[in-house]
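Peer 1: Sharing a structure below in structure tokens format, with a few things to ask.
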Amino acid sequence: MTRLLIADDHPIVRAGLVALFALEEDIDVIAEAATPDEAVFAAEHSNPDVVLMDLQFGAQASTTGVDATRRIRALDAAPYVLVLTNYDSDADILGAVEAGASGYLLKDAPPHELAAAVRAAAAGESALAPVIASRLLSRMRAPQANLSSREMQVLKLVAAGHSNTDIATELFVSETTVKSHLAHIFTKLAVTSRTAAVSAARQRGILR
Numbered sequence: 415m416t417r418l419l420i421a422d423d424h425p426i427v428r429a430g431l432v433a434l435f436a437l438e439e440d441i442d443v444i445a446e447a448a449t450p451d452e453a454v455f456a457a458e459h460s461n462p463d464v465v466l467m468d469l470q471f472g473a474q475a476s477t478t479g480v481d482a483t484r485r486i487r488a489l490d491a492a493p494y495v496l497v498l499t500n501y502d503s504d505a506d507i508l509g510a511v512e513a514g515a516s517g518y519l520l521k522d523a524p525p526h527e528l529a530a531a532v533r534a535a536a537a538g539e540s541a542l543a544p545v546i547a548s549r550l551l552s553r554m555r556a557p558q559a560n561l562s563s564r565e566m567q568v569l570k571l572v573a574a575g576h577s578n579t580d581i582a583t584e585l586f587v588s589e590t591t592v593k594s595h596l597a598h599i600f601t602k603l604a605v606t607s608r609t610a611a612v613s614a615a616r617q618r619g620i621l622r
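Here this note's numbering is used: the sequence shown runs in plain steps of one and ends on residue 622.
Have a look at this one:
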């Protein structure tokens, strides 16, 4: 019997998943969690084999599913973590995998695929949705633009609609410095405008 912990901030989603797994004779939902911290606590004290983990837990949560995954995988006799989420950006996928997730599925996965993924995770196998596996392979094959932390700050402010003057004020630097950072960002992303930079960064999963 596979012991399963479900971590999701939406009660209706949790109820639906509990009902779904009630139909599986070899999977037993032994605990639920509505926040990342609850998920870590339950993983430590309920002894699940697999944790089914969402990535985002609402504005009230101070941490994310990726943070919880990392903490859970650091536990003694750590359970496997299977991500089930609506988010499919490269940044989300890589963050979860790097944190130690055994698998990554989207919430539109059919029930039989989800049950099979839980069984695979419990057996220590990888369980990636085909579209996720394809995205990871594409990212591994493609040259990556490595933006510095300061360049990321500038790009996020650009994406939020801030002008160069606003960005300079926000980061306590000169407008010339901001323009220099933008020039480096444009070069790394192979674009020639602010709009194109934001679009390219989102396509590559650098920005959500």
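For each residue, glycine too, the CB sits at the ideal point set by N, CA and C.
Does the separation of the CB atoms of A535 and L561 fall below 8 Å?
Peer 2: As a working mapping, residue 535 is identified with position 121 in the sequence shown. As a working mapping, residue 561 is identified with position 147 in the sequence shown. Cβ atoms of A535 and L561: not closer than 8 Å.
Peer 1: For M641, report the span of its alpha helix (DSSP H) as first-last.
Peer 2: Within the shown structure, residues of the chain are numbered from 415 to 622, placing residue 641 beyond reach of any answer.
Peer 1: What's the C-alpha gap between I599 and D481?
Peer 2: Translated into the one-based positions of the sequence shown, residue 599 becomes position 185. Translated into the one-based positions of the sequence shown, residue 481 becomes position 67. Straight-line Cα distance between these residues: approximately 28 Å.
Peer 1: Helix, strand or coil for I420 per DSSP?
Peer 2: Mapped onto the sequence shown, residue 420 falls at position 6. Here I420 sits in strand by DSSP.
Peer 1: Between L466 and V532, which are expected to be in contact by the criterion C-beta below 8 Å, what is the C-beta distance as a whole number of angstroms?
Peer 2: Taking the first residue of the sequence shown as 1, we reach residue 466 at position 52. Taking the first residue of the sequence shown as 1, we reach residue 532 at position 118. Correct: roughly 7 Å between the Cβ atoms.
Peer 1: Assuming A456 contacts A445 (C-beta within less than 8 Å), just tell me the rounded distance between them.
Peer 2: Residue numbering aside, residue 456 sits at position 42 when the sequence shown is read from its first letter. Residue numbering aside, residue 445 sits at position 31 when the sequence shown is read from its first letter. That pair is a contact at about 4 Å.
Peer 1: Of the choices A614, V464, L508 and A473, whose alpha-carbon is the least far from that of R487?
Peer 2: Counting from one through the sequence shown, the residue named residue 487 turns up at place 73. Of A614, V464, L508 and A473, the residue nearest in Cα terms is V464.
Peer 1: So V631 and R485 are in contact, right, with Cβ under 8 Å, and what is the actual spacing, rounded?
Peer 2: Residue 631 lies beyond the residue range present for the chain, which begins at 415 and ends at 622; the question has no answer from this structure.
Peer 1: Measure the alpha-carbon distance for S607 versus N500 and round it to whole angstroms.
Peer 2: Looking up residue 607 in the sequence shown gives position 193. Looking up residue 500 in the sequence shown gives position 86. Straight-line Cα distance between these residues: approximately 30 Å.
Peer 1: Looking only at its own chain, which residues have a Cβ that is under 6 Å from the Cβ of V545, when we skip the five neighbours before and after it?
Peer 2: Locating residue 545 in the sequence shown gives position 131, where the first residue counts as 1. The beta carbon of V545 is closer than 6 Å to none in its chain, skipping five residues each way along the sequence.
Peer 1: Which one or two residues does DSSP pair with E446 in a beta bridge?
Peer 2: Start at 1 with the first residue of the sequence shown, and residue 446 comes out as number 32. E446 pairs with I420.
Peer 1: Should I507 go down as buried or exposed, given a rule of 16 or more other Cβ atoms within 10 Å for buried?
Peer 2: Stepping through the sequence shown from its first residue, residue 507 is reached at position 93. Buried, by the Cβ-count rule.
Peer 1: Going along the chain, which unbroken runs of the alpha helix (DSSP H) with 4 or more residues stay wholly within the segment 456-539?
Peer 2: 479-487, 504-513 and 525-536
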